[in-house]
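Undergrad: These protein sequence lines map, in sequence, to chains Z and F.
Using the numbering used here, the first residue of the first sequence is number 1, and each one after it goes up by one.
Using the numbering used here, the first residue of the second sequence is number 155, and each one after it goes up by one.
Ideal Cβ placement from N, Cα and C applies to all residues, glycine included.
Source: prediction; values computed, not measured.
After the structure tokens below, expect a handful of questions from me.
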Amino acid sequence: MVILSLLLVAGARLHAQFSGAPSFSSASSISTSQLIQPEEMNRLLQAKGAARPLVLQVGSRLMFAQAHIPGSEYVGPGSQPAGLDALKARVARLDHKSPIVLYCGCCPWNRCPNVGPAYKLLADLGFTHVRVLYFANNFGADWVEKGYPVEGAH
Amino acid sequence: MAVRGLLAAWAALALACTVAGAQAASARGPATGKPAPQFVRTALDGQRIDLAALRGKVVLLNFWATWCAPCQVEMPVFAEWQRQYGAQGLQVVGVSMDDEAEPVRRLVAHLRLNYPVAMGDEKLGAQYGGVLGLPLTYLIGRDGRIQARFQGETDPAKIQSKLKALLASR
């Protein structure tokens with residue numbers, strides 16, 4: 001048990017060293033008012049005639065390839081400088097009032113390294129209508145297994 | 155007439171359960187008790203990983219990525235289990251869902267993992283029902299069948315308890 005505890009602590013320290021991420025904003029730092037729940041997102045996607053937001057996945061390319069929200073685009077990962085550059089380039093010509101929804105779903109919400117930095121970047125760039133799709137657990141459990149629409153190899 | 159009605163209702167119910175079960179299995183990956191999807195991969199160290207060849211061992215199949223914080227907490231634990239239970243027939247196999255191999259190589263080298271790690275892809279992900287959240291760990295029994303699935307951050311003691319039970323059975 002002692003060995004197990006020591007290994008768990010070592011692993012936690014290891015992540016800080018090897019995540020490759022710059023100091024980032026935690027997903028938990030995103031205000032709840034800026035979050036959108038999966039159920040609401042699904043209603044938004046299903047609504048006919050409604051203006052659809054730009055939906056951007058800012059996590060794993062491999063996970064995006066397996067399954068993603070129909071019509072969403074991959075620009076991730078938000079935890080990497082290259083991913084943030086790609087996000088910046090994608091939104092460069094958009095009006096700052098454009099509705100945008102970011103999502104990831106790689107990990108439990110408070111462990112996601114991607115949505116926080118991505119959201120912060122858009123906020124810093126002056127985008128005012130950005131929301132983040134909240135996944136308590138991950139994309140598989142909180143979207144796919146709920147029966148919400150997906151496209152991709154899965 | 156009443157018997158026929160009951161039989162028809164039973165048949166419809168059985169069919170519905172089968173469909174639901176199949177859908178649940180496909181949504182959550184291979185179901186417990188079913189044969190683990192076979193695969194052959196080349197590990198980062200060049201070692202050949204053939205799941206079929208591991209029949210007779212208890213396999214801990216762990217999907218992870220370098221950017222996954224809970225994964226990096228687990229992996230040293232899995233390495234310790236490989237050391238502790240390897241003689242009893244445990245084989246840990248890691249599958250990285252990173253997009254690039256280089257960060258994986260660095261981390262594997264730093265951790266000095268004592269088990270093979272291969273790069274995953276869409277195909278392997280699809281075989282296991284879609285790896286759409288990490289970490290994801292399967293325990294595969296000596297008979298090659300899925301015995302447990304652990305999705306997300308999991309108390310290691312819970313995995314260890316199941317692992318030890320599987321190792322005890324021959």
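Whose C-beta lies closer than 7 Å to the C-beta of Gln281/F among residues of the same chain, with five residues either side of it excluded?
TA: These residues qualify, in order along the chain: Pro191 and Phe193.
Undergrad: Alpha carbon to alpha carbon, how far is Trp66/Z from Val285/F?
TA: The sequence shown places Gln at residue 66/Z, not Trp. For Gln66/Z and Val285/F, the distance between alpha carbons rounds to 8 Å.
Undergrad: Quick test of your reading: Ser31/Z and Gly116/Z, contact by CB under 8 Å. State the CB separation rounded to the nearest angstrom.
TA: Actually they do not touch by this definition, with Cβ atoms about 12 Å apart.
Undergrad: Any Cβ of chain Z within less than 8 Å of the Cβ of Leu288/F?
TA: Chain Z, which has a Cβ nearer than 8 Å to the Cβ of Leu288/F, makes this yes.
Undergrad: Out of Gly210/F, Glu276/F, Arg195/F and Gly187/F, point me to the one whose CA is closest to Gly240/F's CA.
TA: Taking only the C-alpha atoms, the option nearest Gly240/F is Gly210/F.
Undergrad: How many angstroms separate the CA atom of Pro270/F from the CA atom of Trp235/F?
TA: So the two alpha carbons sit approximately 14 Å from each other.
Undergrad: Once DSSP output is grouped into helix, strand and coil, what is the label at Asn42/Z?
TA: In the structure shown, Asn42/Z sits in a helix (DSSP, three-state: H, G or I).
Undergrad: If we ignore side chains and look at the alpha-carbon of each, how far apart do Ser33/Z and Pro310/F end up?
TA: C-alpha separation (whole angstroms): 34 Å.
Undergrad: I'd like the span of the alpha helix (DSSP H) that includes Asp85/Z, first residue to last.
TA: Start and end: Pro81 to Val91.
Undergrad: In angstroms with no decimal places, state the Cα-to-Cα distance between Ala118/Z and Glu254/F.
TA: Those two C-alpha atoms are separated by around 21 Å.
Undergrad: Answer with yes or no whether the minimum CB distance from Pro149/Z to chain F is below 8 Å.
TA: No, its Cβ sits nowhere closer than 8 Å to a Cβ of chain F.
Undergrad: Excluding the 5 residues flanking Ala136/Z on each side, which residues of the same chain have their C-beta closer than 8 Å to its C-beta?
TA: So the qualifying residues of the chain are Pro108, Trp109 and Asp142.
Undergrad: Output yes if chain Z places a C-beta closer than 8 Å to the C-beta of Gln305/F; else output no.
TA: Yes - at least one Cβ of chain Z is within 8 Å of the one on Gln305/F.
Undergrad: Taking Cβ-Cβ distances shorter than 8 Å, what residues in chain Z pair up with Ala219/F?
TA: Ordered by position in chain Z, the residues that pass the 8 Å Cβ test against Ala219/F are Ser60 and Cys106.
Undergrad: Expressed to the nearest angstrom, what Euclidean distance is found between the alpha-carbon atoms of Leu278/F and Arg90/Z?
TA: Approximately 30 Å between the Cα atoms of the pair.
Undergrad: Between Cys106/Z and Leu288/F, how many whole angstroms is the CB-CB distance? I'm expecting something under 8 Å.
TA: The Cβ separation is near 6 Å, so the contact holds.
Undergrad: Could you tell me the alpha carbon to alpha carbon distance between Asn268/F and Ala233/F, rounded to whole angstroms?
TA: In a straight line, the C-alpha of Asn268/F is about 6 Å away from that of Ala233/F.
Undergrad: So for His264/F, helix, strand or coil by DSSP?
TA: Reduced to three states, the DSSP call for His264/F is helix.
Undergrad: Looking at Val55/Z: is its Cβ nearer than 8 Å to the Cβ of Gly76/Z?
TA: In this structure, Gly76/Z does not lie closer than 8 Å to Val55/Z by Cβ.
Undergrad: Is Gln245/F buried or exposed, if buried means 16 or more other CB atoms sit within 10 Å of its CB?
TA: By the neighbour-count rule (16 or more Cβ atoms within 10 Å), Gln245/F is buried.
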